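Shown next, in structure tokens, is the structure this report addresses.
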Amino acid sequence: MAAGGASIATTLAAKYSTLLWLAAALVLFAALPLAHPPLFFESFLYLIFFWIALATSWAILSGFTGYVSFGHGAFYGVGMYAMADLGPRLPLPVALLAGGALAALLGICIGAVVFRVRRLRGELFALLTLALAIVLATIVLNTPIDGGPGVFLSDVRPPKIYSNASSTIYLAGASVAIASLAVAWLIQRSKFGRGLFAISDDEDVAEILGVPTFASKLAAIAISSFIAGVIGAVHAVFVSYVTVGETFSISVPLFVLMMSVLGGARRWWGPAIGAILVTTLSYSFVSGDFALAARALIGLTLVLASLFLPEGVAGLVEKARRAWRPTAASQAPAAEPRIAALRPDPARLDTKTPALLEARNVRLAFRGVQALDGVDLIIRQGEILGLVGPNGSGKSTLINVLSGLYKADSGQVILEGRDLSLTPGHLRARLGVARTFQIPRPFARQSVLDNAMIPAMFGASALDSAAARKGAMEALRFVGLAERADAMPAMLNLHQRKFLELARALASDAKLIMLDEVLAGLTPREIADAVDMVRRIHARGATILFVEHNMRAVLELTDRLIVMNRGRLIADGPPHDVVRDPAVVAAYLGAPHAEG
Amino acid sequence: MSATLFGQSVLSGLFSGCLYGLLGLGLTLSWRFLRIINLAHFGLIFLAAYLTYHFVQSRGVSPLLAGAGLVPLFFGLGVAQQWLFIRFRVSELPSVIVTFGLTIIIEALIQWIWSADFVRLETHLVRGSLKIGSLLAPWDELIMGGFAVASCVAVWAYLNFTWAGKALRASLDDPDIAAAFGVPNRRLALVVSGAAAAFAAMGGVFVALLYTLTPSQIYSWLGVVIAVVLLGGLGRPLGVLAAGLLVGVAEAVTMALVEPAWAPIAPFSLLIAVLVLWPERI
């Protein structure tokens, strides 16, 4: 019993060793004032902590999701002015939290407006946040919040913990910085964090694989702005005099950006490295001409770092580390795939088989082009339904509507009797709808295994990360990519990337898998492999919508065939009958002339 | 407020709008056609302004002559910058960081040579003002406006009516296909970047003529000109001019009717409204 408890404790300690290290660092830094270091040393360390907290908060939003914020000056400014206003009236910790909460509120409001626009391009988000910071600065300057001359915080008296009050601010800075590192670490290894990284690589695909993109982005901006607000409030007490010019100046977000880029914004510890480097650098040259030289040096560092170190110091270290350790995949046993012999009974062609998914009168127009012109469609439980049609007939658009990537202008999509018309893509994935993309869209900056883990965690199976790793590995083994689990997508050929798409659909444990031209671009041999693969996926119990141009494969695989032309369904029935249908022949070859 | 005073502030808004258009012209071109968000554009503008100040004040060169020398020089700088970006395959987001680094270097250089003190050129191209009814239009501002409008119209005509302009737009849609049809992508990119920097030089001459200079002002122009570029629609020379005029007048009216300190609200509220209401417009 005691031994069991001890072993659990050891496992937990191993799992959270990073947190223990951070806690130890905090204790060490908190004890520092007892040694009576020179005063400037404390304030130097405080500045490092200040920038670590701010850069880390920036990275949680911008490094992890890829939405670069130029507006962190605004969040931090809210914290500063909150402290200036509330500090004299409230206990210090309450005022700090209030600064964070107000900043988070601003962040959530901005996010709720901005992130509603899906696929708002990254640089537009950046400029929007820049604009917001300027608007906020103007408001603060012209209202009694500041009014122009700046605000003195002489009435804010931090409690004395050590012999003088400035040590308290140092302590607060250290706590916020280390807490923000802990938060970033927790996020990076959590399911939520994986979702954020997926968003930064390809937001649409993330949503379709089940990542709640809107909520995730909102949570990221809330956490990020909260930390920025708290450290802003601390900093207001440190500088003891806040002005609009200093607070909302463009240099704050740009310094933060520089530190994160230099250190590596996609790793929890990257921005801290950048913060330490840059702060030390500019602190060493504070006076006269040196200050100017330091500025030029910072500029040069920025240029060189983004040219030669696109993933920052952290990226470099990670790369070196990867080169050192043996690959995990080579150690994985190459077990034979387990194929459940679950071929549904032949009665699946029966029209009485219940519908899995149904589309009713779905319409969608793009600037006047009626891409879907009232599509009615039933996909029955357990069947392989073929969907063919000339180029531009609306097949991919239909899949986009069914998977939730596009919203139909009108009509309904019903899954097992439940109306999905207003359901966003990630919830459809949760309910068991999966798809592949005609042109494979892997998350470019994540390994093959990590790619397959996203749907395993966020899709219908909703596994925790250990189980998801297993499930993803099994899916990769199923499609024959197990040996490439550690590879990056760019190292795969087209054939393998298409199979990675299949593995992602499989890993989600979907009821319905929509395959969008999986055979296009493959060699005849690869096509044979792929057809066999589709059959095996079906044998595991999934219902399949098979969109394809290759008629031989369609006739070989499908139980039923539907044909689209100009956004409408023009035929539906047994494959061999449908291909002889005059309407279908006409759609492909044009109407016959004369009588014939 | 009297009608004359109001008219005068609208007029001054139109002039600052022209300058916004001229300063944004190079930025909108490189942003759209090179996918480079060139913050160094502002560094170049101020470098040109300080060089103009230097040659006019201490060497007695006429500002227009200084401009005539600076424009080809800056064209070369722009070409060199783009050559570097092509060499290192700098894409859109990293370009913000690289060019911000360049801007900091230029700012430090300016401060090292000319110090951080305010400087003001005491020269005019043409002294005095044109009287329009009861309104006064300074000749220097009129000349600047003329250059701004002419530049924007010329670029617009170049993009729409010449072979090179069409090739440029084709290579934007699909560089590989355009290259297959014989479009020299690389050379066009170098030319666009050179032209953008040349417009920065032209803008810089007028900034020196019309404004007091200090190195840190690089950043005060940055926000509003970027807002103008986005409002005008990327890669649209007439759009950037129209947006510049709109923002200039909106600022001037806010200053006149509300208070000068509220002026920044105008362009950025406009920008936020456009980004939120029509994100696909940009």
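As you go down the protein sequences, you meet chains W and P in turn. Numbering-wise (the working numbering), the first sequence opens with residue 888 and increments by one. Numbering-wise (the working numbering), the second sequence opens with residue 52 and increments by one. All C-beta atoms in this analysis are idealised placements derived from N, C-alpha and C, irrespective of residue type, glycine included. Note that the structure is a prediction, hence the values are computed from the model and not measured.
Proximity to residue i [Cα-Cα], best of the options
i: W:S1054; options: W:R1305, W:F916, W:R1391; result: W:F916
i: W:G964; options: W:V1320, W:L993, W:E1094; result: W:L993
i: W:S1147; options: W:R1328, W:A946, W:A999; result: W:A946
i: W:W1072; options: W:G1276, W:D1260, W:A910; result: W:A910
i: W:G1101; options: W:F1113, W:L1083, W:I1118, W:D1088; result: The question names Gly, but residue 1101 of chain W in the sequence shown is Phe. Of W:F1113, W:L1083, W:I1118, W:D1088, the residue nearest in Cα terms is W:L1083.
i: P:R178; options: P:W165, P:P189, P:L289, P:S81; result: P:P189
i: W:A1020; options: W:S1067, W:K1047, W:A961; result: W:A961
i: P:G274; options: W:A942, W:Y1057, W:T1016; result: W:T1016
i: P:G341; options: P:A100, P:W134, P:Q132, P:R138; result: This structure cannot speak to residue 341 of chain P, because chain P is shown only from 52 to 333.
i: W:H1313; options: W:G1291, W:V1300, W:R1209; result: W:G1291
i: W:G1460; options: W:L1096, W:A971, W:G1009, W:I1266; result: W:I1266
i: W:L913; options: W:N1051, W:L1309, W:A900, W:L932; result: W:L932
i: W:M1145; options: W:R1153, W:A1123, W:T1188, W:I1110; result: W:T1188
i: W:Q1333; options: W:R1154, W:T898, W:A896; result: W:R1154
i: W:V1124; options: W:R1422, W:L979, W:L906; result: W:L979
i: W:D1091; options: W:A999, W:D1416, W:T952; result: W:T952
i: P:W134; options: P:R238, P:A247, P:L264, P:L289; result: P:R238
i: P:G216; options: P:G286, P:S320, P:A312; result: P:G286
i: P:I154; options: P:V325, P:L90, P:A167, P:L186; result: Reading off the sequence shown, one finds Thr at residue 154 of chain P, where the question assumed Ile. Considering only alpha carbons, the answer is P:L90.
C-beta contact flag for residue i and residue j at 8 Å
i: W:A1390; j: W:I1414; result: no
i: P:I87; j: P:F136; result: yes
i: W:I1065; j: P:Y270; result: no
i: P:A249; j: P:F125; result: yes
i: P:G255; j: P:E158; result: no
i: P:L308; j: P:A199; result: no
i: P:T103; j: P:A205; result: no
i: W:L1274; j: W:L1393; result: no
i: P:P145; j: W:P1158; result: no
i: W:P1329; j: W:P1277; result: no
i: W:A1316; j: W:I1086; result: no
i: P:L296; j: P:L65; result: yes
i: W:A1069; j: W:L907; result: no
Identified DSSP bridge partners for residue i
i: P:P189; result: P:S180
i: W:D1459; result: W:I1449
i: W:F1433; result: W:G1273, W:L1402
i: W:I1266; result: W:L1244
i: W:L1251; result: W:L1259
i: P:L376; result: Since the first and last residues shown for chain P are 52 and 333, residue 376 of chain P lies out of range.
i: W:F1039; result: W:Y1128
6 Å CB neighbourhood of residue i in its chain, flanking five on each side removed
i: W:A1372; result: A1216, V1335, L1336, L1363
i: W:P1233; result: Here W:P1233 scores only 45 on pLDDT, less than 50, and its place in the model is too uncertain to base an answer on.
i: P:P226; result: N236
i: W:H959; result: W945, A1115, P1140, V1143
i: W:W1156; result: none
i: P:F336; result: The question about residue 336 of chain P has no answer here: the residues shown for chain P are numbered 52 through 333.
i: P:A317; result: A301, E302, T305
i: P:S67; result: G299
i: W:K1385; result: P1327, V1405
i: W:A1059; result: V1121
Same chain only: Cβ atoms within 8 Å of residue i, ignoring 5 sequence neighbours per side
i: P:F344; result: Outside the modelled stretch of chain P, which goes from 52 to 333, sits residue 344 of chain P, for which no answer is possible.
i: W:L1456; result: V1262, D1263, L1264, I1449, V1450
i: W:L989; result: V965, G966, A969, G1116
i: W:D1403; result: K1282, S1283, I1286, R1322, T1323, F1324, Q1325, V1434
i: W:V1465; result: L1448, I1449, V1450, A1458, D1459, V1471
i: W:E929; result: L919, P920, S1053, S1054, Y1057
i: W:Y1293; result: L1251, T1284, N1287
i: P:A324; result: none
7 Å Cβ shell around residue i - same chain, five flanking residues per side excluded
i: W:A1397; result: G1319, V1320, A1321, G1346, A1347, A1429
i: W:K1047; result: T1055
i: W:G1037; result: Y1128, V1129, T1130
i: W:E1303; result: L1243
i: W:D1089; result: R1328, F1330
Open item on the list: To test your reading of the DSSP string, which unbroken beta strand (DSSP E) runs of 3 or more residues are found completely within the segment 919–998 of chain W?
Closed with: As far as the segment 919–998 of chain W is concerned, it has no whole beta strand (DSSP E) run of at least 3 residues.
TODO: Could I get the ranges of all uninterrupted alpha helix (DSSP H) runs contained in the segment 1120–1162 of chain W, with 4 residues as the minimum, in chain order?
DONE: Complete alpha helix (DSSP H) runs here, min 4: 1131–1134, 1138–1150.
TODO: Taking only runs that begin and end inside the segment 62–132 of chain P, name each unbroken alpha helix (DSSP H) of 4 or more residues, in chain order.
DONE: Taken in chain order, the complete alpha helix (DSSP H) segments of 4 or more residues contained in the segment 62–132 of chain P are 91–110.
Task: Uninterrupted beta strand (DSSP E) stretches inside the segment 1293–1329 of chain W (no shorter than 3 residues) - done: Runs of the beta strand (DSSP E) inside the segment 1293–1329 of chain W: 1297–1302, 1320–1322.
- [ ] Run through the segment 1324–1378 of chain W for me and flag every whole alpha helix (DSSP H) of 4 or more residues, listed as ranges in chain order.
- [x] Counting only unbroken stretches of 4 or more residues, the alpha helix (DSSP H) elements lying wholly within the segment 1324–1378 of chain W are 1335–1345, 1352–1366, in sequence order.
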